[in-house]
Structures are given as C-alpha cells and as structure tokens.
Amino acid sequence: MIFLKSISNFCKKNKGVLLSYFVTFLITYLHLIIVIGLKNHRTITPLIWILLSVFIVLYALQIRKKMGNKLWLLYLPLIYLLFLIGAYFVKVTLNLNNEKFDWTKFQHFWDTNFLIPLVCLLLLALVFNRFSSYFSNEFINAFSLKKKRYDILVMSQIATMFIVTSNQLINSFLSNTLFLVEDIKKTAYAGQLLYYSLGMYVFFSLITYASAKGISHLIKNKPTPSLSVATSLLLAFIYNYTIQIGITEKGATYDYYIASGATMFQVLVLFACFMVVYVAMNRYLAATVLNIVVGVLVSFVNAKKFALRSEPLLVADFTWLNDIGFFKEYVSENALLLSIAGVLWTVVILYYIRKKCLPGKIFNNWRQRVAIAITIILAFSGTLSIFKNQKDGKISEHIPVLSSVYNLYNVNWQGINANTRFQSLSFVWLKQMTITDIEKPSKYSQKEIDNLYKKYKSLATEINTTRTENISDQTIIFILSESLADPERVPGVSLSAPVLPQIKQIQSETTSGLMKSDGYGGGTANMEFQTLTGLPMYNFNDMISVLYTEVIPDMTYIPSISNAFDPQNRIVIHLSDATHYARDSVYTKLKFDEFIATSGSDNIAEEANLLGAYPSDSSTYDNILAKIDSSQNQFFSVMTMQNHGPWIPTDLSDITASSDRLSAEENESLTNYARLLSYTDSSTAEFLQQLQGIDKKITVVFYGDHLPGIYPKTAFKDSPESQYLTDYFIWSNHDTVKDDYPLVNSSDFPAELLAHTNSRVSPYYALLTEVLNKASVDKSKLDSDGKKVAKDLKMIQYDLTEGKNYINNYKDFFTFPE
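So for the sequence shown, the UniProt record's numbering puts the first residue at 1; every next one is plus one.
Here it is as structure tokens:
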C-alpha cells in the first residue's frame, strides 16, 4: 500500500514530465508511420494525420513558455547540428567496409525527417506563448514545462525525436530481425514499429537526457554521474570508429557491410568499460585520461597488428601486457618513449589542476556507485551467459540488439577477420571468452574411442609391415622459417631475379611442395603447434586465435612427435623472447630440456647476429650445429626470426621486387623482404651442406609459416588460395626420397616425416597417415573414406582437448613400436 501511494505521489508531482514523454513518443511513432509509409508508397489513413496533429498541439502547449527565452533560438539549431554531425559520423562508421562510400562527399548528410513536425511544433508554441492569456488555466498550467529545470528535459526530448525518426533508425528498423517486417510495401508494419520505436525511444531518451545533463554539469565544473555517462558515450562512439577503421576490409558480406546492431552493441560494450573506470576511480579527470589513453593504445595496436599480420587485436594478446617486446613489435622505441613521456606529463598536469578543474568525487553516494557497478557486472555476465548457451551457432531470436548481431549470418567459416569487421571486435572478444575449443562430435563416447583405438592399432600393424625404421634412431630438425613464401606466386609481383633458387633445387630432389597456412601475416605459433602435434587448426573453433595459450593449458596429454625422443635430447631454438605466445611454458610442458633464446630463458643464445631487424638465419643454424651431438638421437624445434617484419634495408643483394598494387613504401619493404629471402636461400643450402658432412642420420622438415603481411588483399583477388601457400621440403642427409605430397597442411608433417623416413607408426600416427593420404587439404572434396577418416581425427582431437581423455587409457596409442 505504501509503495502504491509512493507511485501515486510521484505521478502527481511529475505529471507534466510523464505526459511530455508519452506525447513525444506518440509524435515520434506516428511520424515514423507516415515517413515509412510515404517512402514506400503506402496510403496513410487520415486518423494518423489527425492524431499526430493533436499530439503536436499538446506538446506545443506544454513547452510554450520556453519560447519566451531567446536562447532557444540558439539551442534548437545547435541540437540539430549536433544531431546531423552525430548521425553522419555513425553513417561513416557503418560504411567503413563500403568501397563506394566516400565520406568527404557528405552523401546523405542532411536528415530532414523531423524538421516539418518540429517547425509546426515551434510555430504553435510561439502562437500559444504569444496568446498565453488564452491558454493559461489551472489545468493546462499543471501540465506545463515552464520551469527552467525542465530545459534539459525538453532539449533531450527534441534530440530524441530527431534521432528516432532519422533515416538511419528507419533503415535499422527495416533490417532488424527482432521485429521483422517481411515486405514493407505490402504487409502491415505499425505493430512491429510500435515495439521497435518504443525501445529506441526509451534507449535514446536515457542517452540524450544524460548527455544534456552532463554537458550542463561540465559547464558548471561539476564532476557528476551524468557527466561520466555523457563522456563514456562520447568515447564509446569515437573508439568504436577508431577500432573498426583499423580492421577495415572493403566489400560486403551477404550484402551487408556490417551486421544490424553491431555498432550499437560495440558502443554499449565500450560504454560499460569506460563507466567501470569512472566507478572504480571516482575522479573524473583521472578516469577520463585513463580511458582516452587505453582507447588510443587499443586502437593503435589493433590497427598496427592488422596491418602487419592481417589479424586484429585479440583477447589472447593481452597475455603479453607484461612483455614490452610485444609493443616494440608494433611501435618504434622512440614512439613508445614519447608516449610514456606524454602520459607522465599528463599525470603531472592533472596533479596540479585537480583542485580547480572538475574537482571532487563523481559519486558522493556509495549506494549509487555500487548499484551502477552491479548493473554493469550483471550486464556483462548476462551477455556472456547468452554467448555460452548458444545452440548450433545461434542464440534466442528475441534478445534486443544481440540476436541480430549473433544470428544474422554465420561468417565464422571466413575467419576471425570477417567476424571482427562484420560483427565488431568487442563481439569477437566476448565470444572468445565463452567458446569451447572444439565442437563435440555427435557420437562421442568411450565406446567410440575404444573402437577407434582398435581400428588404428590394426592399421598401424598393417602399415608397419612395410616400414623398417624407427624415427627415434636419428636426429630430427623441424625448422619453421619465418614468413618464407616465394613472392613469385603472388599475382602482380615482379622480381629482378629468383629469390629461392637453391631451395627450389632442393625441393626438386626431395619430398616437397606447398603448405597451406592457417594465417596471413601471422599465426606462427599455430603452425608450430600443428607441426608438433598433428592436430589441425581447422578442427578447432574458428574463434580460437592462439592454440598455445587457449588450447594447450587445458590438455592433459599433448601428442607431440618430440615425445619419441628422450627429454634430455629435446631442444628448442628461437632467437627471440622465449615467453612470446607462452612458448616457455609450452615447451616445459612438452619436456624439452633446453630452450635457446635471446631472452626469457635460462639458455641464452651465444650467437644472434642481426640481419635486418632480427637475428639472421645463419645465426639460428649455427646454434643448431653447436647443439648437434652425433652420439645422440635428438629432436630440434626451431623457429627463425630473420624474415619477420618490419623489413629494413640490407646490402647483401641487389635483387629488386615490385608490384603495381603496392605503394612506393610497400614496394621498398617488398624489395627488402626479397633480399632477406635470398639470404635465407643461400644460408639454408649451406646449412644442409654442413649437415651432409655429419656422420649421423639427420632429417630436416623445413617450411614457411605464412606469407608476410606486405601484400594488400586485392593482390589475391584472382588467386585467393595463393594468400595462404608457403614452401616446404623434407630432406635427409643419408637417403634421397621424393614422396608425392604437393599440398599439405602443417598438421600433416609428422605423418609425412614418418613416411619419408620409412619409420614405423603408432596407432595415432596411423590415423594421421590416413588423414595425409585421404582427408587433407589437397582434396577439394572428400570421398566417403576421407569423410570417415576426418571424423575419426576430430573425435580423437576432441577427446584430447575438451573431452574425457578416454584415449589415454591406451598408452600404446601414442607410443612408437620398437
């Protein structure tokens, strides 16, 4: 009873305000019916026109007293100008991927949908104010918004009506999936529009009111919750743009340049993140500066990473925050030092102005602070829960904003880049926090795993009848050659001379071909994982970005080819920081005895001479040679660094490279890269020659991990597969074998190595051999046997990563026979 009485008192006290919201919503809704109807040649009933006129008259009566204030002649054009700028900024953001959109032409800048109703409203208000004596009775005055404290309310309502009746919101309504209209030219739409416009009206009323109030508090030099909300919204819109422009790829996806609701979703996520900082710090200036710095840093690193590696900044990358080397890869040392100095100076300035400029706490009421914090936590938790409970790649159809972003089209198969540009970067971040590593096979059970064990144990026995060698009786060297891929395969690239002539000669004499990479410009650690384990990335969730940090930590057993060798004879060499991509912990888990690196390891490389920006390939090879013990059977996992970007000039070669699709600066980088490749070519041939002279069976698996991120996407328009093809060979110093595997996945190397060396297989490698021969990437379409083999591998892969590890009940599944 007390509660109902409180509500009644509130309504009586604020009846004018409540009526104004009711009236302005109906003005908005009715005007939308008219605008949409007229644009689609629909007949508008006279009743709609009459009702709209009535509500305009009502609102004009409510705000008539405002017309006596000459400042309103300034306020209203300013509101309209801000609306136009904001609406066009959103339009530019929505068309970042539209190659036909040129923002400098200000296409459709003017939005006049609400101007006529507004002019009518203002003229009526002026008339009512001029003849106010005729409209001043107790009843009308009771609902009037004449007090100055209602200025912000009226301004926010007018701004809301501009926004909700805008062309952008109309287009959003016509493309929304929550209140779907099948055919706007034929079917009724007023019902769907009622719910949609009501939701948009409430949402933007909150935004415009908080923004208007925040601006007034800023003018008064008062740090308040409203100012924090307004600032968070402004920063969210700005950084939504700066984040998305850094990962732009021109072109539509399913006739959309961005998913319906994706921009609003990301703005809300960023808004919540910025508000967390304001709530936590409770000091406006300090929190604002921190938000700006973090926003700039994330936007810059995101754009830089995408430019160099064709991959956005992902959740897994934040594990590198304690590693300054991560930032040095994308930012020059001078820029980094200047940025740090700028931040320090900002801190000093803030310290001296803290008592004069927006001083004091934002929240003086701790209950309000806690309430906002809890609301944000619940919002994030709810969103993550929705993501986690998706079924078959879809969520419920009735969740505002999120349903349209999540369910519109499945672009996962196109990779993370497609997700980030189509559904937004924040969508990908949140989705990565909730996904499972791999989809559960429909028939997964212990019985199925038992059957697979028996099947491939039998196959291993069959294969081993023709195999005579043990892989552990020789030394194996896996060499991941950073960014090695012959530029001659890239359409439009011209070279003054071949850059890999000696490697091509080696390939002609031994098992060799092309490797299909899973990344462009990046993804080194993922190729490394696959070559060691035989577990292909294409079976994992498309949202997985770094297998070392997202998959391996949860694995009880890792089926690495290195397990065939004694732990004391397992050596990893990488002339960079051992902690990158958590390699140090990964190789510790794989029981490697030594990790030779330039930092982050107990075993620092004795030789790491630079060539270009990074240690040369010859330095890497010299470190291998120094560790080879002809009396032991060793396993080396080696990753070079020489050809990693950026590619700076060298004077070791006069080779030039160019493409008419590249800028002058990009062509210079391409020439530098080509010259570095020519050095890789000669140093690799020399290295193999030195191995030839060692009295010990040695086999080398040599491959490029991905193409360099020099080439624009348009370079591969006529040959899209060439964007992911690198060179490989398997070479032995004791026998010359040339098996026919012209195109393989990096996960095929363990089985291919065993075939090349005629080595016996375990049941697991019998399965990988079947994949190599029947279900790998060289098959454009799998036959029935290939499909069955592919399913068998996925079953085992799931069991090892997300499943119950049933296969570990059979230790001999992974153990090589003696």
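Glycine residues also receive a C-beta, built at the ideal position from the N, C-alpha and C atoms. Computed from a prediction, not measured in an experiment: that's the story for all the values here.
Cβ shell of residue i (< 6 Å), same chain only, five flanking positions each side left out
| i | result |
| --- | --- |
| Ser426 | Gln266, Val269 |
| Thr420 | Ile247, Pro312, Val428 |
| Ser653 | Arg675, Ser678 |
Pick from the options that is closest to residue i, judged by C-alpha positions
| i | options | result |
| --- | --- | --- |
| Tyr21 | Gly37, Val789, Ile63, His41 | Ile63 |
| Asn365 | Phe25, Ala674, Val279 | Val279 |
| Asp450 | Phe83, Gly16, Tyr810 | Tyr810 |
| His734 | Ile694, Ile710, Ser747 | Ile694 |
| Asn69 | Tyr196, Leu122, Ser722 | Leu122 |
| Trp110 | Tyr557, Lys717, Phe83 | Phe83 |
| Gln474 | Asn334, Gly37, Val700, Gly199 | Val700 |
| Thr19 | Gly382, Phe55, Gln244 | The question names Thr, but residue 19 in the sequence shown is Leu. Cα-wise, what sits closest to Leu19 is Phe55. |
| Gln634 | Thr736, Asn539, Ser562 | Ser562 |
| Thr263 | Asn609, Lys779, Ser424, Val296 | Ser424 |
| Val57 | His31, Gly86, Cys120 | Cys120 |
| Ala605 | Lys589, Leu575, Asp629 | Leu575 |
| Thr510 | Trp731, Arg309, Tyr581 | Trp731 |
Opposing strand residues paired with residue i [DSSP bridges]
| i | result |
| --- | --- |
| Phe729 | Ser512, Phe702 |
| Asn603 | Ile596 |
| Ile477 | Phe636, Val700 |
| Tyr196 | Per DSSP, none; premise fails for Tyr196. |
| Glu818 | Per DSSP, none; premise fails for Glu818. |
| His574 | Ala597, Met639 |
| Leu611 | Tyr614 |
| Ser659 | Val493 |
| Glu469 | Ser759 |
| Lys391 | Lys394 |
| Lys361 | Arg283 |
With 16 other Cβ atoms within 10 Å as the buried cut-off, status of residue i
| i | result |
| --- | --- |
| Arg367 | exposed |
| Thr93 | buried |
| Phe131 | exposed |
| Phe106 | exposed |
| Ile571 | buried |
| Asp437 | buried |
| Glu528 | buried |
| Ser156 | buried |
| Lys431 | buried |
| Ile503 | buried |
| Ala259 | buried |
| Thr160 | buried |
| Asp518 | buried |
| Asp727 | buried |
| Lys794 | buried |
| Glu550 | buried |
| Gly704 | buried |
| Lys213 | buried |
Residue range of the alpha helix (DSSP H) that includes residue i
| i | result |
| --- | --- |
| Thr761 | With the sequence shown as reference, residue 761 is identified as Val, and Thr is not the correct amino acid for it. Premise fails: Val761 is in no alpha helix (DSSP H) and is neither H nor E. |
| Leu52 | 46-63 |
| Ser722 | Unbroken run through Ser722: none, as it is neither H nor E. |
| Val789 | 784-801 |
| Arg130 | 115-130 |
| Arg42 | No alpha helix (DSSP H) contains Arg42, which DSSP labels as neither H nor E. |
| Gln689 | 664-692 |
| Arg421 | 416-423 |
| Lys457 | 446-464 |
| Ala230 | 225-245 |
| Lys91 | 72-94 |
| Val164 | 151-164 |
| Ala564 | Unbroken run through Ala564: none, as it is neither H nor E. |
Cβ shell of residue i (< 7 Å), same chain only, five flanking positions each side left out
| i | result |
| --- | --- |
| Ile573 | Ile596, Thr620, Asn623, Ile624, Phe636, Val638 |
| Val293 | Val343 |
| Lys250 | Asn97, Glu99 |
| Tyr798 | Ile438, Lys440, Pro441, Tyr444 |
Span of the beta strand (DSSP E) around residue i
| i | result |
| --- | --- |
| Asn745 | 743-745 |
| Leu495 | 493-495 |
Close-in-space but distant-in-sequence residues of the same chain around residue i (CB under 8 Å, 5 per side omitted)
| i | result |
| --- | --- |
| Ala210 | Ser226, Val229, Ala230, Leu233 |
| Thr28 | Thr160, Met161, Val164, Thr165, Ser197, Tyr201 |
Neighbour flag for residue i against chain B, beta carbons, 7 Å
| i | result |
| --- | --- |
| Arg149 | Given the protein chain composition of this structure (a single chain), no chain B is represented. |
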